[in-house]
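To start, the structure under review is shown below, and the notes come after it.
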Amino acid sequence: MATDYDAPRKNDDDLTESSLEELKARRSDASTASVDEDEAEAAEGFELPGADLSNEELAVRVVPRQSDEFTCMRCFLVHHISQLASEDGGEMICEECVD
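Pasting the structure below:
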């Protein structure tokens, strides 16, 4: 919402009175308002988990793991080597997963 900084300012009494009037008006408007939403139209953009995405293409360029990166053995995210917290028995674990 845009703010008009040149408009005259209201004092606290004016704000309270106008706010009460606005709230009363909204209450009566809200009780009579109804929402017309087409269920089929709303469901078009919704995809269920596990949906078949075999016809979809990636919109992001995938870069292979670099030499200065590692894959955490707990969260399976690729991190920079500076995030390596421990290497317990050959398992590389990031700082976030050590806790």
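First residue of the sequence shown: 5, per the numbering used here; consecutive thereafter.
C-beta atoms are modelled at their ideal positions from N, C-alpha and C, and glycine is treated no differently.
Taking every protein chain shown into account, the CB of F50 has fewer than 16 other CB atoms within 10 angstroms, so this residue is exposed. Under the three-pair Cβ rule at 8 Å, the region 60–79 counts as touching the region 89–99. Boundaries of the alpha helix (DSSP H) harbouring E43: 43–48, taken from the DSSP string. Buried is the label assigned to H83, since at least 16 other Cβ atoms lie within 10 Å of its Cβ. A Cβ-Cβ distance of about 6 Å is found for the pair V102 and S90, placing them in contact under the 8 Å criterion.
Boundaries of the beta strand (DSSP E) around C98: 95–98.
Between L52 and F74, the gap from beta carbon to beta carbon reaches 9 Å or more.
The continuous beta strand (DSSP E) containing V82 extends over residues 82–84.
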